[in-house]
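In what follows, a structure is listed as structure tokens, so that the remarks can point back to it.
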Amino acid sequence: MQSDEQAKAILGDEFSFFFEAIQTHLQRLQLDQQARILDVGTGSGYVAITLALCGYRVLTGEPADDISEYAKQAWRESAQKVGVEDSIVFEPFDAAIMPFSN
0 MQSDEQAKAI LGDEFSFFFE AIQTHLQRLQ LDQQARILDV GTGSGYVAIT LALCGYRVLT
60 GEPADDISEY AKQAWRESAQ KVGVEDSIVF EPFDAAIMPF SN
């Protein structure tokens, strides 16, 4: 896994913006480091990647039938570049019908 600064350098300015914003919220939330986090709507993967870099296990997904350009972004490649792909699980789901228990 890359350091925060290495990840920002590898993934660029847009990722850096997301990272800083998410870090601010994570500090306020003070989540247990063992928390598993559901990221609804993978998109670019920046939220899931940031959470994984912070040590969280992340479940993320898009609807299985989502064919939009947004849903087809190469989030997995970015996760691999910074070494967090093993901390992120992708599962297709529809956020309107959440298939998860609490």
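Going by numbering that gives the first Met the number 0, the first residue of the sequence shown is number 0, and it counts up by one from there.
Cβ coordinates follow ideal geometry from the N, Cα and C atoms, glycine included.
Could you tell me if residue i is buried or exposed, where buried requires 16 or more neighbouring beta carbons within 10 angstroms of its beta carbon?
i: V88; result: exposed
i: I48; result: buried
i: D12; result: exposed
Quick check: the Cα distance between residue i and residue j, rounded to an integer number of angstroms?
i: S15; j: E90; result: 25 Å
i: P62; j: E4; result: 32 Å
Grab the span of the alpha helix (DSSP H) containing residue i for me, first residue to last.
i: L50; result: 45 to 52
I need the boundaries of the beta strand (DSSP E) containing residue i, first residue and last residue.
i: F89; result: 87 to 89
i: L58; result: 56 to 60
Please return the same chain residues whose Cβ sits closer than 7 Å to the Cβ of residue i, not counting the five positions on each side in sequence.
i: I9; result: Q1, K80, V81
i: A34; result: Y55
i: F17; result: Y45, V46, T49
Ignore the nearest five residues each way along the sequence and tell me which others in residue i's own chain have a CB closer than 6 Å to its CB.
i: D38; result: V46, A47, V57, T59
i: L50; result: I36, V57
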